[in-house]
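Worksheet: the structure to be examined is printed underneath.
Residue numbers (my numbering): 871 to 1154.
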């Protein structure tokens, strides 16, 4: 008989299940989710855009994210090159100083996400500065919505500076409209600042737009200060737990992650191949 006691027991069990970490429901990423931030191959791609795009696709990447220096080309021409390489182009990075002038270009490029790569580092030294950045992000969020796009900001370590106990990231999240301003989390820079990417996903998961996957060498110091030494390495060869990050992000339906390595010690195309092959194994 289904008594009140059994009903309460069932309800308690259901409540316990609902409170389990969302990582319990992770799914393997689809092939389309494997993306590359083209800044990683910036020197090569400026010299031979079609050839490098073809090489990126041959490695196995399905999506790419463009960076500011590429926009010397007409948007339609760049879009066609990416399409000809059988790659998707969901996202584009732009600089803080000229983003206001780039919405028409981004729309013609055909991207869904328009992302500011970083605020001015030299100004990012106070709570008031981050409030100013937040106000600008809200304006860009409104503009992006008018164009049918979604605005996001990409973090570095500087957003984790603390001002009277409040970080720059916390200010940005508090001062921006969640409906208009999303967050592209860079896992390396979160870790470099001494924070935990998985904890950040659990805290700000509803703001996640996409992810940047880059790895960090072991036994090196953390810092949130601008200009702190960087410690990049290929994905899967460093200390960051990308499986745990994807497991946390997967239930949020984050559609893409972009491999990026700001500096490589081997040729960039070799570097991104190592990262891709490692990620395929890590996330299977």
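For each residue, glycine too, the CB sits at the ideal point set by N, CA and C.
Taking the beta strand (DSSP E) that residue 905 belongs to, which residues open and close that run?
904 to 907
Length-filtered (3 minimum) beta strand (DSSP E) runs lying within the stretch 1091 to 1129
1127 to 1129
Should residue 1105 go down as buried or exposed, given a rule of 16 or more other Cβ atoms within 10 Å for buried?
buried
Count the other CB atoms within 10 Å of the CB of residue 902; is the residue buried (16 or more) or exposed (fewer)?
exposed
At a cut-off of 7 Å, is residue 998 close to the ligand SAM when judged by its beta-carbon and the heavy atoms of the ligand?
Although the ligand SAM was asked about, the structure shown includes no ligands whatsoever.
Please classify residue 1063: is it buried, with 16 or more other beta-carbons within 10 angstroms of its beta-carbon, or exposed?
buried
Per DSSP, cross-strand counterpart(s) of residue 984:
962 and 1021
For residue 973 versus residue 1017, is the C-beta distance shorter than 8 Å?
Result yes, Cβ atoms of residue 973 and residue 1017 sit closer than 8 Å.
Please work out which residues of its chain come closer than 7 Å, Cβ to Cβ, to residue 885, disregarding the five sequence neighbours upstream and downstream, and give them in chain order.
Low confidence applies here, because residue 885 scores a pLDDT of 35, under 50, leaving its location unreliable and the question unanswered by this model.
Let me make sure I understand the geometry here. Which of 980, 1054, 964 and 939 has the alpha-carbon closest to that of residue 953?
When only C-alpha atoms are compared, the closest one is 980.
At what residues does the alpha helix (DSSP H) containing residue 1072 begin and finish?
1067 to 1074 is the span of the alpha helix (DSSP H), which, as asked, contains residue 1072.
Who pairs with residue 926 in a beta bridge, going by DSSP?
Per DSSP, none; premise fails for residue 926.
Pair within 8 Å by beta-carbon distance, residue 1116 and residue 944:
Cβ distance not < 8 Å, so residue 1116 and residue 944 don't count as in contact.
Quick one: measure Cβ to Cβ for residue 1030 and residue 1065, integer angstroms, because I've assumed they're closer than 8 Å.
6 Å
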